[in-house]
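Using numbering that gives the first Met the number 0, the final residue of the sequence shown is 337, and nothing's skipped along the way.
Ideal Cβ placement from N, Cα and C applies to all residues, glycine included.
If you're wondering where the values come from, they're calculated on a predicted model, not measured in any experiment.
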Amino acid sequence: MPQAVDRKIPAGGENELDGKKRNEAHAAGTENGVLRLLGRKIAPLGEIIEAYPISEGGSADRKYKVHFYGYDGAYLLRLFDGFSFDLRRAEFEALHRMQAMTVHCSRPIAFGQWKSDGLFFLLLSYIEGTDAERILPLTPKPQQLRIGMQAGEELSRIGCCAVPEPAEAWAARHRRRIERAEAVLQAGGVWGASAEVASAKLRADSGLAEGRPESFLHGSFGPANLIVHTGRLVGVIGFERFGWGDPVYEFARLGLHSRSLSPLFCTGQILGYHGGQAPDDLFWRLYALYAASGVLSQLADTLEQRPETFGETLQMADRLLLDHDGFASDRPSWFAAL
């Protein structure tokens with residue numbers, strides 16, 4: 000995690016002159032970044048003739064929508080530092096696997112480095128549309144359900160990817176994630192009622208994770224990484240955090256942020272994942288286990304990365320507990336088997 004910088008800002012906040020300078024510096028940096036890209040070549044497409052910066056997304060990569068001479072359509076160019084090389088190469092290979100599973104996602108095209116200045120790049124096909132995080136609140140309810148079902152179908156295909164032999168069993172890895180999240184919250188002095196209820200659920204049912212099958216995990220599957228165009232889900236993005244584990248773990252944070260956007264989307268995702276049918280009791284037991292895990296992980300991540308939004312995350316956690324009646328019910332109250 001990047002180290003915090005001690006910035007001395009006047010009591011009234013950043014003044015108008017400082018803000019203007021910051022905006023001018025950002026604009027200049029963006030313009031210089033675009034100019035550095037024009038004329039560069041990437042095989043097999045050739046020369047970049049247009050580049051537009053993309054600010055959306057949580058990735059640290061610098062992202063551009065680019066066009067190549069002689070080719071129609073747009074492409075996504077991601078620039079990254081050398082310390083991310085192995086992770087980005089693994090992501091490039093993972094996207095090839097997703098293509099084989101007929102997952103609607105960016106097509107991996109090129110991965111490499113410009114020797115002239117050592118800049119690393121990842122080139123993907125560009126998916127036109129808007130992320131579901133922005134679309135869902137503006138979408139009619141029946142369409143929210145449909146988009147959710149399409150998301151569940153995509154997630155089911157993602158989970159069909161064969162898993163390499165894990166070095167450590169899933170249950171042990173999951174347990175370590177829980178222990179880390181608990182340690183972060185306790186050290187931060189924010190161990191409250193929500194964390195205690197979630198931790199009790201995990202202590203009671205952690206055995207469910209033993210011997211679970213493993214598959215490819217997207218790692219951050221949710222509305223922010225789902226692209227919608229003309230009312231349909233057209234692509235899944237944001238594979239940077241992929242891994243391997245129990246496929247049901249992909250639902251760990253569904254009842255938090257996704258539920259706050261659209262309970263119908265969440266219902267649709269679960270139904271779509273199960274081929275339009277209501278899931279069985281085992282799914283709900285695992286769903287509740289991983290929802291408890293998601294509460295602790297989300298609280299810990301927020302405390303470490305975005306502490307100013309901790310109160311908002313805590314409200315989502317409290318609502319999740321209400322949805323499950325304090326985990327007296329494995330199935331959340333918002334789910335409707337339509």
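Query: Please state if the CB of residue 158 and the CB of residue 214 are separated by a distance shorter than 9 angstroms.; Result: yes
Query: Measure how close the beta-carbons of residue 284 and residue 207 come, nearest whole angstrom, since I'm counting them as under 8 angstroms.; Result: 6 angstroms
Query: Identify whether residue 161 lies in helix, strand or coil by the three-state DSSP scheme.; Result: coil
Query: Give the straight-line distance between the Cα atoms of residue 170 and residue 211, rounded to the nearest whole angstrom.; Result: 8 angstroms
Query: Measuring CB atoms only, is the region 176–195 touching the region 88–108, in the sense that at least three cross pairs come out at less than 8 angstroms?; Result: no
Query: Among 293, 99, 122 and 34, which one has its Cα closest to the Cα of residue 45?; Result: 122
Query: Who are the Cβ neighbours of residue 134 in its own chain at under 6 angstroms, not counting the five residues just before and after it?; Result: 227
Query: What do you get for residue 313, buried or exposed, if any count of 16 or more other CB atoms within 10 angstroms of its CB means buried?; Result: buried
Query: Let me know if residue 92 comes out buried or exposed under the rule of 16 or more other beta-carbons within 10 Å of its beta-carbon.; Result: exposed
Query: With three or more beta-carbon pairs closer than 8 angstroms as the criterion, would you say the region 227–238 touches the region 255–266?; Result: no
Query: Runs of 3 residues minimum, wholly inside the region 228–300: which ones carry the beta strand (DSSP E) assignment?; Result: 231–235 and 242–244
Query: Reducing DSSP to helix, strand and coil, say where residue 326 ends up.; Result: coil
Query: Give a single yes or no on whether residue 325 has its beta carbon closer than 8 angstroms to a heavy atom of the ligand ADP.; Result: Absence of the ligand ADP from the depicted structure is noted, as is the absence of any ligand whatsoever, leaving it without description.
Query: So what does DSSP say about residue 206, is it helix, strand or coil?; Result: helix
Query: How would you write the range of the alpha helix (DSSP H) that residue 189 sits in, first residue to last?; Result: No alpha helix (DSSP H) holds residue 189; DSSP gives it neither H nor E.
Query: From residue 340 to residue 320, what distance separates their C-alpha atoms?; Result: There is simply no residue 340 to check, as the chain begins at 0 and stops at 337 in what is shown.
Query: Would DSSP call residue 198 helix, strand or coil?; Result: helix
Query: Hey, could you find the ends of the beta strand (DSSP E) residue 73 is sitting in?; Result: No beta strand (DSSP E) contains residue 73, which DSSP labels as neither H nor E.
Query: Just the C-alpha distance for residue 72 and residue 221, rounded to the nearest angstrom, thanks.; Result: 26 angstroms
Query: Closer than 6 angstroms by C-beta to residue 332: which residues in its own chain qualify, once you throw out the five before and the five after it? Chain order, please.; Result: 322
Query: Kindly list the residues whose CB is nearer than 8 angstroms to the CB of residue 59, restricted to its own chain and excluding five residues on each side of it in sequence; keep chain order.; Result: 79 and 83
Query: Taking residue 117 as the reference, which of 81, 290 and 247 has the closest Cα?; Result: 81
Query: Tell me the DSSP secondary structure of residue 155 in three-state form.; Result: helix
Query: Let me make sure I understand the geometry here. Which of 76, 150 and 293 has the alpha-carbon closest to that of residue 270?; Result: 150
Query: Leaving out five residues before and five after residue 143 in sequence, what residues of the same chain have Cβ atoms less than 8 angstroms from its Cβ?; Result: 135, 261, 263, 264 and 267
Query: Skipping 5 residues on each side, what residues in its chain have a beta carbon closer than 8 angstroms to that of residue 162?; Result: 213, 214, 215 and 243
Query: Please work out which residues of its chain come closer than 6 angstroms, Cβ to Cβ, to residue 152, disregarding the five sequence neighbours upstream and downstream, and give them in chain order.; Result: 271
Query: How is residue 331 classed by DSSP in three states: helix, strand or coil?; Result: coil
Query: Quick one: using the 10 Å Cβ neighbour count with 16 as the cut-off for buried, is residue 112 buried or exposed?; Result: exposed
Query: Determine whether the beta carbon atoms of residue 297 and residue 315 lie at a separation below 9 angstroms.; Result: yes
Query: Where residue 96 and residue 87 are concerned, what is the direct C-alpha to C-alpha distance, given to the nearest angstrom?; Result: 14 angstroms
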